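Have a look at the structure below, then the notes.
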Amino acid sequence: MTQGKKNIYTLGTSNRTLEEFLEILQAYGIGRVVDVRRFPTSSRYPWFNKEPLTQALKGKGISYHHLGEELGGYRRGGYQAFTQTPAFQEALKKLEALALENTTAIICAERLPWRCHRRFITQALEETGWRVVHILEKDRTWQPSKEQPTLFHREEI
63 MTQGKKNIYT LGTSNRTLEE FLEILQAYGI GRVVDVRRFP TSSRYPWFNK
113 EPLTQALKGK GISYHHLGEE LGGYRRGGYQ AFTQTPAFQE ALKKLEALAL
163 ENTTAIICAE RLPWRCHRRF ITQALEETGW RVVHILEKDR TWQPSKEQPT
213 LFHREEI
């Protein structure tokens with residue numbers, strides 16, 4: 063994927079080492095990370111706290127942007143309902159503008175995108191013409207097909 067196109071990646075930090083995480087980003091040519099964790103901290107994996115992560119990414123030439131306040135999970139009424147609000151639409155526009163400038167990965171803590179609110183964000187992006195690739199591992203991605211049934215009902219998150 064190239065910058066300027068409507069392409070975007072997602073990646074879960076999960077229990078990865080910092081080295082593994084950075085290698086994955088570099089393997090996919092990621093130049094910008096947009097963090098959608100509501101709280102960009104981890105007591106188990108402190109290298110994924112906002113400041114150390116920002117510095118590690120900077121050292122690899124990757125910019126960091128935190129949109130967790132705007133796009134983070136844990137929404138009253140559920141995340142699906144939140145996607146219908148003006149606040150979500152405004153935040154999505156901000157994300158799109160960032161992603162058009164550089165090859166971007168949306169990150170959150172959950173490794174599997176179908177268990178994470180990233181799926182709602184990317185579904186909204188796909189509806190506006192974005193191509194989304196969920197990175198599972200350095201050599202493994204997942205792209206849900208339009209015909210593939212969802213694993214969860216929208217109301218469950």
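Residue numbers for the sequence shown follow our numbering, so the first one is 63 and each next one is one higher. Backbone N, C-alpha and C fix where the C-beta goes; we use that ideal spot for every residue, glycine too. This one's a predicted model, so the numbers in the text were calculated from it and none came from an experiment.
> Rounded to whole angstroms, how far is the Cβ of Y71 from the Cβ of I197, which I believe are closer than 8 Å?
Replying inline: Within the sequence shown, the letter at position 9 stands for residue 71. Within the sequence shown, the letter at position 135 stands for residue 197. Contact flag correct, Cβ pair sits at about 6 Å.
> Which parts of the segment 101–188 are runs of the beta strand (DSSP E), unbroken and 3 residues or longer, counting only runs that do not cross its ends?
Replying inline: Within the segment 101–188, the complete beta strand (DSSP E) runs of at least 3 residues are 125–128, 166–170.
>> For T203, list the residues DSSP reports as bridge partners.
In response: Locating residue 203 in the sequence shown gives position 141, counting from the first residue. According to DSSP, T203 shares a beta bridge with I197.
> What span of residues does the alpha helix (DSSP H) with I86 cover, start to end?
Replying inline: Sequence index remark: in the sequence shown, residue 86 carries index 24 (1-based). In the DSSP assignment, I86 falls within the unbroken alpha helix (DSSP H) covering 80–89.
> Any idea if F101 is buried or exposed, counting beta-carbon neighbours within 10 angstroms, 16 or more meaning buried?
Replying inline: Taking the first residue of the sequence shown as 1, we reach residue 101 at position 39. Exposed is the call here.
> Comparing the CB of N69 with every heavy atom of the ligand COA, is any distance shorter than 7 Å?
Replying inline: Among the components modelled here there is no ligand, and therefore nothing to report on the ligand COA.
> Is it a yes or a no for the segment 127–140 touching the segment 81–93, going by three-plus beta-carbon pairs under 8 Å?
Replying inline: No, they do not touch.
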